[in-house]
Amino acid sequence: MTDSVMMRIEALDRILEADATSGLAKVEAGITLAGLSERLDGFGLAMENLGDINTQTIAGAISTATHGTGAGLRNISAQVVAMELVLADGSLRELTSDSDPDLLRAARVGVGALGAIATVTLQCVPAFNLHRIDQPQPIDQVLSSFEELAESNDHFEFFVFPCTDDALTIRRNRTDVAPRPRSAARRFLGDTVLENGGGDLMLRTVRRWPKSAPRFTGLAARVMSQGDQLDRSDRIFANQRSIRFTEMEYALPREHGPEAVSRVLELIRRERIEVAMPIECRVVAPDDAFLSPAHERPTVYVAVHQYRGMPWRRYFEVVTEIMEGFGGRPHWGKRHLQTAATLAGRYPRWDDFQTVRDQLDPGRVFTNEYAERVLGP
Numbered sequence: 586m587t588d589s590v591m592m593r594i595e596a597l598d599r600i601l602e603a604d605a606t607s608g609l610a611k612v613e614a615g616i617t618l619a620g621l622s623e624r625l626d627g628f629g630l631a632m633e634n635l636g637d638i639n640t641q642t643i644a645g646a647i648s649t650a651t652h653g654t655g656a657g658l659r660n661i662s663a664q665v666v667a668m669e670l671v672l673a674d675g676s677l678r679e680l681t682s683d684s685d686p687d688l689l690r691a692a693r694v695g696v697g698a699l700g701a702i703a704t705v706t707l708q709c710v711p712a713f714n715l716h717r718i719d720q721p722q723p724i725d726q727v728l729s730s731f732e733e734l735a736e737s738n739d740h741f742e743f744f745v746f747p748c749t750d751d752a753l754t755i756r757r758n759r760t761d762v763a764p765r766p767r768s769a770a771r772r773f774l775g776d777t778v779l780e781n782g783g784g785d786l787m788l789r790t791v792r793r794w795p796k797s798a799p800r801f802t803g804l805a806a807r808v809m810s811q812g813d814q815l816d817r818s819d820r821i822f823a824n825q826r827s828i829r830f831t832e833m834e835y836a837l838p839r840e841h842g843p844e845a846v847s848r849v850l851e852l853i854r855r856e857r858i859e860v861a862m863p864i865e866c867r868v869v870a871p872d873d874a875f876l877s878p879a880h881e882r883p884t885v886y887v888a889v890h891q892y893r894g895m896p897w898r899r900y901f902e903v904v905t906e907i908m909e910g911f912g913g914r915p916h917w918g919k920r921h922l923q924t925a926a927t928l929a930g931r932y933p934r935w936d937d938f939q940t941v942r943d944q945l946d947p948g949r950v951f952t953n954e955y956a957e958r959v960l961g962p
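Mind the numbering: the sequence shown is residues 586 to 962 in this note's numbering, read in order.
Structural data, given as structure tokens:
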């Protein structure tokens, strides 16, 4: 967010080139993930991994290291093999792994501070289908078998509501079975009416009577239903989200995931923090982008949420203390309390990123209050 100039690029939404043989697709930076997936399918291609929100532009998604889940799969920015930046002087600079490897590793997760992304060349994969199974399990069982669940599924994640004993596990695995898309009526009833409409009504009630949070989280855990979906990959990755909330997410070394989740749940109980939204846990493979939160380490992401209009600062502050104890790196696209001074030591290639920043934007045209806070002047 900025009080200065914001440049919107959603009109730049074309696929310029796509080759089904090589899997390479050159796209304009304003295309949304939803639009990109739909058009790639026409070429028989897909993104190898996506998150559960698909309304971002590809430029925004890679600039913040947006990710999906999968022990053997990296974040979206790691799928970038080349990009074109419009620099502060108006020139167009192409970055490739052959000609400018360090510049590309910096720009793949550039936090908007290096230039305006014009195009992105992505390494895609042949289109594929996913089988998704949602299943409640006791949280103790999920945490004790976390590594096995992460390794035995292409994509694994779970949600757990505070003050409850069960977690909702979500497994997504590749399959050659033909898609069985849900009918429009089932999608409307499940996604719009029950999950988003009913969930929002529950959260509004908790906002009005905060002390009812444990009762409602218990209800939410009890009504978590088993689900089974089989469809084209991007349709299985994405979820409909109309509930509004603020979120903080930290990337930790993967082995610390279960303990971190346990400590957050215990914190909520002990401090009687009034929160009715779940803690989310996902896994991601390491990558080499200089400012990727998963830089050079197998990673678990732990996210906490607070419903709109409810106090979040104290909750996020105490959770931050837990995450810092595990060497956590915050998600660049979500709320966090870090500064350049606290972040620099967490990234081995921090100084290399600053060198690239000085080279591409020496006059700091691409900066604002947030960029200065987290990257320095």
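Even glycine gets a Cβ: it sits at the ideal position worked out from N, Cα and C.
query = Which class does Tyr955 belong to by DSSP, given the choice of helix, strand or coil?
reply = helix
request  = Determine the closest residue to Ser607 out of Phe628, Ser622 and Glu736, with distance taken between C-alpha atoms.
outcome  = Phe628
request  = Express the C-alpha separation of Lys796 and Ile821 in angstroms, rounding to a whole number.
outcome  = 35 Å
Pair within 8 Å by beta-carbon distance, Leu734 and Thr754 = yes
task = With a threshold of 16 other CB atoms inside 10 Å of the CB of Arg593, please say whether the residue is buried or exposed.
result = exposed
message = Our contact map puts Thr706 next to Val666 with C-beta atoms below 8 Å; I'd like the distance itself, whole angstroms only.
response = 5 Å
query = Leaving out five residues before and five after Thr790 in sequence, what residues of the same chain have Cβ atoms less than 7 Å from its Cβ?
reply = Ser797 and Phe801
ask   = What is the DSSP secondary structure of His890, counted as helix, strand or coil?
value = strand
key: C-alpha distance - Pro947 paired with Thr681, whole-angstrom precision   = 21 Å
message = Between which residues of its own chain and Ala646 is the CB-CB distance below 7 Å, once the five residues before and five after are set aside?
response = Leu618 and Ile661
request  = Compute the minimum distance between the beta carbon of Ile724 and the heavy atoms of the ligand FAD, and state whether it is under 7 Å.
outcome  = This structure lacks the ligand FAD, and indeed carries no ligand of any kind.
query = How big is the Cα-Cα spacing for Leu959 and Glu909?
reply = Contrary to the premise, residue 959 reads as Val rather than Leu in this sequence. About 16 Å.
ask   = Is DSSP giving Tyr900 helix, strand or coil here?
value = helix
task = Sort Ile853, Gly803 and Ile718 by Cα distance to Gly812 and report the nearest one.
result = Ile718
key: Glu613 to Ile600 span [Cα, whole Å]   = 6 Å
ask   = Leu723 by DSSP, collapsed to three states: which one?
value = According to the sequence shown, residue 723 is Pro rather than Leu. Strand at Pro723.
key: Euclidean distance between Cα positions of Ile907 and Gln891   = 17 Å
query = If you compare alpha carbons, which of Gln939, Gln722, Gly894 and Phe746 is closest to Val849?
reply = Phe746
request  = Out of Ala956, Val941, Glu954 and Glu957, state which residue places its alpha-carbon closest to the alpha-carbon of Arg678.
outcome  = Val941
ask   = Taking the beta strand (DSSP E) that Ile755 falls in, what are its first and last residues?
value = Asp751 to Thr760
ask   = Where does the unbroken alpha helix (DSSP H) through Gly608 begin, and where does it stop?
value = Unbroken run through Gly608: none, as it is neither H nor E.
key: Within 8 Å, strictly: CB atoms of Ala631 and Val868   = no
ask   = Can you list, in chain order, the residues of its chain whose CB lies under 7 Å from that of Glu865, leaving out five sequence neighbours each side?
value = Glu742, Phe744 and Ala888
Beta-bridge pairing of Gln708 - partner residues as DSSP gives them = Leu609
key: Expected contact under 8 Å - CB spacing of Leu658 and Ala870 to nearest Å   = 6 Å
message = Need the endpoints of the beta strand (DSSP E) that Gln923 sits in, please.
response = Segment: none, Gln923 is in no beta strand (DSSP E) and carries neither H nor E.
task = Please classify His841: does DSSP put it in a helix, a strand, or coil?
result = helix
task = Could you pull out every residue in the same chain whose Cβ sits closer than 7 Å to the Cβ of Gly842, ignoring the five residues on either side in sequence?
result = Phe731, Cys866, Val885 and Val887
request  = Indicate the three-state DSSP secondary structure (helix, strand or coil) for Asp936 in the structure shown.
outcome  = helix
key: Three-state class that DSSP yields for Thr777 in the structure shown   = helix
inquiry  = For Gln664 and Asp872, I'd like the C-alpha separation in whole angstroms.
reply    = 10 Å
Beta-carbon proximity check, Ile724 vs Asp761, cutoff 8 Å = no
ask   = If you draw a straight line from the alpha carbon of Phe875 to that of Phe938, how long is it in whole angstroms?
value = 6 Å
task = In the DSSP assignment, find the unbroken beta strand (DSSP E) run with Val791 in it and report its ends.
result = Element bounds for Val791: not the beta strand (DSSP E) but the alpha helix (DSSP H), Gly784 to Arg793.
key: Among Thr905, Gly913 and Gly912, nearest to Leu922 - alpha-carbon criterion   = Thr905
request  = Can you tell me which of Leu788, Ala692, Thr654 and Ser684 puts its alpha carbon nearest to the alpha carbon of Leu672?
outcome  = Ala692
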